[in-house]
Amino acid sequence: PKREALEIEADQTPPFYLGMATAAPQIEGANATDGRGPSIWDIYEGIPGKIENGDTSAVADDFYHRYLDDIGAMRLLGVKRFRMSIAWPRILPNGDGQINQKGLDFYSRVLEALLVAGIEPHITLYHWDLPQALQDRFGGWNSAQIVPVFAQYASVVFNALGNYASHWTTFNEPWTFCFLGYGQGSGAPGLNDKAQAWNCVYNVLQAHAAAVKQFRALMPGAKISMNLNCDWGQPLSGSQADADAAQRKIEFMLGAFADPIFFGDFPASVKQRISYLPQITSQMAADLKGSIDYFALNHYTSTYVIGQQGAVGLQGPCDYIETQVTPDSHLIGDEADSDWLKVTPWGFRLMLNWVNNRYHPSEIVVTENGISMKGENDMPLAQALEDTQQVNFYRDYIAAATDAVKYDKVPMTGYFAWSLLDNFEWGSGYSKRFGVVHVDYRTQQRFYKASAKFLTQLFNTTVLDPTFTYPSD
Ligand code: GBH
């Protein structure tokens with residue numbers, strides 16, 4: 004049955020806004036240009052076998068040199084907001100100490116150009132590119148020494164660039180860089196130590212609180228948050244054990260960060276199971292509570308969860324396991340090109356409701372959502388540009404979110420698609436293409452995919468037709 008088109012009301016208060024998300028290390032390239040220092044990813048990329056095809060981020064989309072063209076293209080695409088990150092090693096090549104003015108100048112130019120194009124920037128301070136010097140000096144996020152150093156970096160950026168944006172975040176997906184980078188070794192700095200990963204969580208929380216203190220003093224009126232990622236956890240069966248396990252999975256992944264920020268402590272489920280969990284002091288709790296102005300959620304997919312005594316996961320002992328396939332071989336959703344991503348728009352609506360019911364945030368902004376289309380990287384260009392799966396992904400996910408707003412009264416006030424351009428997809432190198440704009444990495448030419456045109460229609464009208472089919476007839 005046809006549903007009526009759902010409107011995202013442009014005049015709701017606070018306004019609903021739509022945009023595109025990116026991150027410095029995935030698009031900029033120019034890793035040794037104008038005084039940028041090495042990041043932990045630059046070094047990690049050099050370890051044989053870590054990145055698919057031996058790809059590196061050295062050139063990426065060459066956004067460092069092509070930002071004017073890309074901002075011009077966004078203007079034509081009707082993009083209203085642009086989420087970007089600042090590369091710490093451009094600003095402070097050694098992590099602290101000497102400021103590199105050329106790095107600040109680059110971001111001033113980018114931000115000026117965005118404002119001239121009528122696009123409002125949302126700025127993330129840290130999207131995983133720690134200056135290598137800090138990893139070498141004291142072990143990076145494993146050490147409490149990172150806290151004042153991050154606060155210093157934050158204040159340099161707030162002082163120099165604070166006037167350009169009213170929406171900020173301190174960290175992108177600390178779950179990912181702590182547990183994959185320090186706990187599992189599938190991201191920089193490539194360490195395999197669960198205790199270090201939980202130290203990372205703890206130090207990130209403290210660094211966030213320290214940066215927010217500066218932010219509040221320097222930029223009253225602007226808003227700050229932390230981008231937290233979570234997959235929806237669906238109990239595999241109707242059993243109480245699986246229901247509890249699914250709840251626990253979300254508490255481990257999202258609650259590990261959001262609970263301290265909203266309630267001043269780690270979830271009980273985590274405290275009971277992780278023996279090496281650092282303790283949140285009452286001072287730290289006081290600093291954390293109220294330290295975000297809106298909830299910034301990155302969401303892509305869902306997983307089934309099964310309760311299992313003694314199970315150890317990415318985060319340590321957790322008594323649950325995750326799978327995206329049922330015992331009788333049904334996938335939780337259609338496959339994408341990235342093996343962790345299955346298309347589950349229903350999980351998005353449930354995830355938004357979970358966040359709303361647990362934390363009652365004043366606003367939820369979805370700061371990343373997107374897909375790499377199955378098989379896209381192996382397709383001839385003309386076929387890759389007809390990215391029907393990506394169009395359908397955006398249609399169905401945005402419809403699910405719109406339902407959450409309209410019927411469940413979830414206060415979602417913004418949505419960013421990941422991503423503007425195909426880009427350096429971390430361990431997958433350039434083999435996974437999340438962009439709505441295709442990038443030819445030999446020539447740096449850009450080509451619009453059907454999904455770019457689909458989102459343009461949405462950006463310009465703020466009306467989503469949930470029955471839209473592509474190719475249209
Ligand atoms: C985001 O991570 C990132 O913020 C962004 O930079 C990235 O490009 C984008 O999504 C697309 O991936 O391989 O089984 O260990 C999304 C969350 C968490 C998804 C880690 C991939 C790895 C799963 N990511 N996960 S696995």
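Residues 4 to 476 (the numbering used here) make up the sequence shown, in order.
Yeah, the Cβ is synthetic: ideal placement off N, Cα and C, and Gly gets one too.
Between the Cα of residue i and those of the options, spot the shortest distance and give me the residue it belongs to.
i	options	result
Leu117	Ile43, Leu221, Asp73	Asp73
Trp91	Tyr156, Gln318, Asp411, Glu115	Tyr156
Met382	Ala402, Ala214, Lys452	Lys452
Asn97	Ser375, Ser434, Ala136	Ala136
Gly313	Tyr307, Thr306, Cys321	Cys321
Ala259	Pro270, Ala249, Ala387	Pro270
Ser158	Ala212, Arg140, Asp268, Ser332	Ala212
Met77	Leu21, Val408, Ala33	Leu21
Glu254	Gln243, Ile264, Ala244, Val273	Val273
Phe174	Arg140, Leu164, Ala214, Gln138	Ala214
Lys456	Thr446, Phe471, Asp443	Phe471
Gln209	Asp268, Tyr297, Tyr362, Arg69	Asp268
Asp37	Ile94, Lys83, Glu55	Ile94
Tyr167	His302, Met87, Tyr400, Gly236	Met87
Arg398	Asp64, Leu71, Val466	Val466
Measure the alpha-carbon distance for residue i versus residue j and round it to whole angstroms.
i	j	result
Gly190	Pro51	13 angstroms
Gly241	Gly49	46 angstroms
His125	Ala420	13 angstroms
Gln327	Thr347	11 angstroms
Met222	Gln29	28 angstroms
Ala24	Glu123	12 angstroms
Ile367	Phe266	17 angstroms
Gln199	Tyr473	47 angstroms
Asn547	Ile102	Outside the displayed range of the chain (4 to 476) lies residue 547, so it cannot be described from this structure.
Val194	Glu338	The question names Val, yet the displayed sequence has Leu at residue 194. Answer to the nearest angstrom: the Cα atoms are 29 angstroms apart.
Asn463	Gln392	22 angstroms
Gly81	Gly57	35 angstroms
Ser305	Gly100	43 angstroms
Lys252	Val308	8 angstroms
Pro364	Leu355	11 angstroms
Cys233	Ala246	17 angstroms
Arg352	Tyr129	27 angstroms
Asp340	Leu458	20 angstroms
Ala403	Gly316	29 angstroms
Ala154	Phe161	10 angstroms
Thr370	Met415	11 angstroms
Ser42	Ile89	13 angstroms
Gly186	Gln250	22 angstroms
Val62	Gly106	17 angstroms
Ser422	Gln148	33 angstroms
Gln217	Thr172	13 angstroms
Ser111	Thr127	15 angstroms
Lys435	Ser285	44 angstroms
Asp14	Glu176	Because the pLDDT at Asp14 is just 47, under 50, the model does not fix this residue reliably, and the point stays unresolved.
Leu384	Asn395	19 angstroms
Tyr47	Pro192	6 angstroms
Phe19	Phe141	42 angstroms
Leu164	Ala244	49 angstroms
Met376	Gln318	29 angstroms
Ile491	Leu334	In the structure displayed, the chain extends from 4 to 476; residue 491 sits before or after that span and is not available.
Val439	Gln275	43 angstroms
Thr446	Leu133	29 angstroms
Go to residue i, then tell me how far its beta strand (DSSP E) extends in each direction, as first and last residue.
i	result
Lys83	Neither: Lys83 is in no beta strand (DSSP E) and is coded neither H nor E.
Pro96	Neither: Pro96 is in no beta strand (DSSP E) and is coded neither H nor E.
Val440	440-443
Pro192	That residue, Pro192, is in no beta strand (DSSP E); it is neither H nor E in DSSP.
Glu371	367-371
Leu21	20-24
Gly236	235-238
Trp171	170-175
Pro134	That residue, Pro134, is in no beta strand (DSSP E); it is neither H nor E in DSSP.
Glu55	Unbroken run through Glu55: none, as it is neither H nor E.
Pro124	123-129
Over what stretch of residues does the alpha helix (DSSP H) that includes residue i continue unbroken?
i	result
Gln243	243-253
Met354	348-362
Glu115	104-119
Ser278	From DSSP, Ser278 is part of no alpha helix (DSSP H); its letter is neither H nor E.
Ile46	43-48
Consider the Cβ of residue i: report whether some Cβ of chain C lies at a distance smaller than 9 angstroms.
i	result
Asp58	The structure shown has no chain C; it contains just one protein chain.
Does the beta-carbon of residue i, which I'm using as the reference point, lie nearer than 8 angstroms to any heavy atom of the ligand SAM?
i	result
Trp44	The model depicted lacks the ligand SAM and carries the ligand GBH instead.
task = Mind the definition here: the segment 199-214 touches the segment 273-284 only if three or more C-beta pairs lie below 8 angstroms; say whether that holds.
result = yes
request  = Would you mind listing the beta strand (DSSP E) stretches within the segment 284-327 that are 3+ residues and don't spill past its ends, in chain order?
outcome  = 298-301, 305-310, 323-326
inquiry  = As an exercise, report each continuous beta strand (DSSP E) stretch of at least 3 residues that is fully enclosed by the segment 206-232, in chain order.
reply    = 226-232
task = Taking only runs that begin and end inside the segment 408-475, name each unbroken beta strand (DSSP E) of 3 or more residues, in chain order.
result = 415-421, 440-443, 448-451
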